[in-house]
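Following: one structure in structure tokens, then a few remarks.
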Amino acid sequence: MRRSVIAVLATAVTIGLVGWAVPPAQSAPTAPAGRLVYVCGQNLCAVDPATGARAQITSDGDSGAAYRAPSISADGGTVAAARNGDVVVGAYGANLTAAWLTEQSILGVALQPDGSAVTETHSYVRNEVRLCWPGPYTCLQLVAHNDTSYTTPDGTSRSYNGGSGTSFLGASTLLSASYDITRDAHYVCAVANPAAESQDCAEVFAVAQTISSIAGSPTGEYIAATLSDGDAPSSVQLYSAAGAPVRGVAADAGSPAFSPDGRWLAYAADDGWIYAQPTAGGTPVRLVQGAAPAWGGGAVAGDPGLSSGTAKVRGVKKKGVPVRKRTVRLTVACTGGTPCAGQLVLTVKKGKRKAAIAKPKAYTVPAGAQRKVAVKLTPKGLKIVRKKKVTKAVATVGGNRTTIRIRR
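Per the working numbering, the sequence shown runs over residues 644 to 1051.
Right, here's the structure in full:
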């Protein structure tokens, strides 16, 4: 809604896109140990990037609201996530049951590194009755609510500019991403002491692209951001703490997360896998199928030999799959001895690039089984599909791509 207003005079902003670093000609290094928490279907799982040990750490996601946007403390002992409009917090390895705050349309969650507070960012528009001027007339207005809140366990909360992403830089500096309608620019700002009153969120850098998530390094040196431009796939970009562009980390990716020592950066790729790469640049390491990684300390008590099953889209008829109520239903099959968990991504070729036509849908399929996964087309995706009787698209699960036909 806020981006659909009549454009105003644009002021200069930092474009911030730099070229992708070319990986050196060497074997992939080993990522450091820790607890990398991620979304696996409706629940949260964890993987040790060094050993590959994996474990499911929540169990109530399948019977209730799904977990989203996880975060983990620096020592790996506390986990937070968004769930059913709440920010829930708990100990690593258990269901998250303590609701620290309630909000609408939560887009991101970040625990303060010591686990003493949590920040969330939200952006939504709703109809509200407001008193109009002049005269005693009431009118219906669309009111935008875009904030980043900093909240302690006792419920003390402070609000800052936000709506697009949040994280911490170093031990306590709060980072927030927002949109400035007067400049038609997206920006990241920092609050040095979010617990104090009357603190301003000082702008660090601004870009023309949409910012959907951010991550600050524990060392206080870098900021990683997910940027997207129109229908083009998102990318992960790295900036210095002062806002200077450093390098492009990964194309067709998002949800960056730094390792506890700041030397590595994890991200979720559009192929359904989570990767990790040295912050300074180098060969990425493929870790696990999943989404929304968050990296803390500690170890994962799981099976070091456990690996993801192989997920594929199956059973699509030659005449194509129909669209019903903006939804496309596809069958995801899991082969191998372990369950498959990840995201189903639906794209079409648009010129020389690919464009997402549906919101990625998380799935969990037991080993040797198959399940129907329903993906909802975006308004732009529905418009693309309606232009032709049959649209050729690509369904991606677990890195496996299947060409399908969609009937309008």
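Just so you know, even glycine gets a beta-carbon here, dropped at the ideal spot from N, CA and C. Predicted, not measured: the structure shown is a model, and the values here were computed from it.
Out of T990, K960, P888, A937, which has the shortest C-alpha to C-alpha gap to V752?
A937
Could you check whether S856 and G897 sit closer than 8 Å to each other, using their CB atoms as the reference points?
yes
Tell me where the beta strand (DSSP E) around K1015 begins and ends.
1013 to 1019
Is it true that the segment 908 to 927 meets the segment 965 to 978, where meeting means three or more beta-carbon pairs spaced less than 8 Å apart?
no
In angstroms, rounded to a whole number, what distance separates the CA positions of V964 and L744?
41 Å
Three CB pairs or more closer than 8 Å across the segment 888 to 895 and the segment 800 to 809
no
Over the uninterrupted alpha helix (DSSP H) stretch that includes R929, give me the two end residues.
Looking at the DSSP string, R929 is not in any alpha helix (DSSP H); the run it does join, the beta strand (DSSP E), is 928 to 932.
What's the C-alpha gap between D914 and A875?
15 Å
Which of the three DSSP states, helix, strand or coil, is assigned to R1029?
helix
Have a look at G806 and T1034 and give me their C-alpha separation to the nearest angstrom.
34 Å
Name the two residues that bound the continuous beta strand (DSSP E) containing K993.
983 to 993
If you compare alpha carbons, which of A676, E846, Q747 is closest to C832?
E846
Relative to the C-alpha of G859, which residue among H829, L812, Y882 is closest?
L812
Are K677 and G940 touching if we call contact CB-CB under 8 Å?
Before going further, note that residue 677 is Gly rather than Lys in the sequence given. Yes.
At least three beta-carbon pairs within less than 8 Å, the segment 822 to 836 to the segment 713 to 720:
no
Give a yes or no on whether the minimum CB-CB distance between A984 and chain D is below 8 Å.
Checking the listed chains, one finds no chain D in this structure; it contains a single protein chain.
G977 lies in the beta strand (DSSP E); which residues open and close that run?
Looking at the sequence shown, residue 977 is not Gly but Cys. Where C977 is concerned, the enclosing beta strand (DSSP E) stretches over 970 to 978.
Same chain, Cβ closer than 6 Å to Q932, neighbours up to 5 away in sequence not counted:
G915, W916, S951, A984, G985, G1041
Once DSSP output is grouped into helix, strand and coil, what is the label at K1023?
helix
DSSP beta-bridge partners of Q880
A868, G891
First and last residue of the uninterrupted beta strand (DSSP E) at S860
Taken as a continuous stretch (DSSP letters only), S860 belongs to no beta strand (DSSP E), as it is neither H nor E.
Close Cβ partners of R1048 (< 8 Å) along its chain, the five nearest in sequence each way excluded
V959, K961, K962, G963, V964, V1033, T1034, K1035, A1036
Can you tell me whether DSSP reads C844 as helix, strand or coil?
coil
What do you reckon, are the CB atoms on V1018 and A999 nearer than 8 Å?
no
Compare the Cα-Cα distances from T701 to each of A712, R1050, A741, C688 and report the closest residue.
C688
Assuming L679 contacts L881 under a Cβ cut-off of 8 Å, what Cβ separation, rounded to an integer in Å, is found between them?
Incorrect: roughly 19 Å between the Cβ atoms, too far for contact.
Exposed or buried, what is P666 when buried is set at 16 or more other beta-carbons lying within 10 Å of its beta-carbon?
For P666, the predicted structure reports a pLDDT of 41, less than 50, and the residue's modelled location is therefore unreliable. A value from the coordinates is still provided. So P666 ends up on the exposed side.
Over the uninterrupted beta strand (DSSP E) stretch that includes V730, give me the two end residues.
729 to 734
A787 versus G1011 - alpha carbon distance:
46 Å
A998, DSSP secondary structure in three states
strand
Collapsed DSSP secondary structure at K961 in the structure displayed:
coil
Going by DSSP in three states, Q685 sits in which element: helix, strand or coil?
coil
Could you give the residue range of the beta strand (DSSP E) that holds G751?
749 to 754
Residue of A912, V761, S877, A851 minimising C-alpha distance to T791:
V761
Suppose you measure from the CA of V971 to the CA of G758; what does that come to, to the nearest Å?
40 Å
Which residue from T1045, S819, Y910, A944 puts its Cα closest to that of A835?
S819
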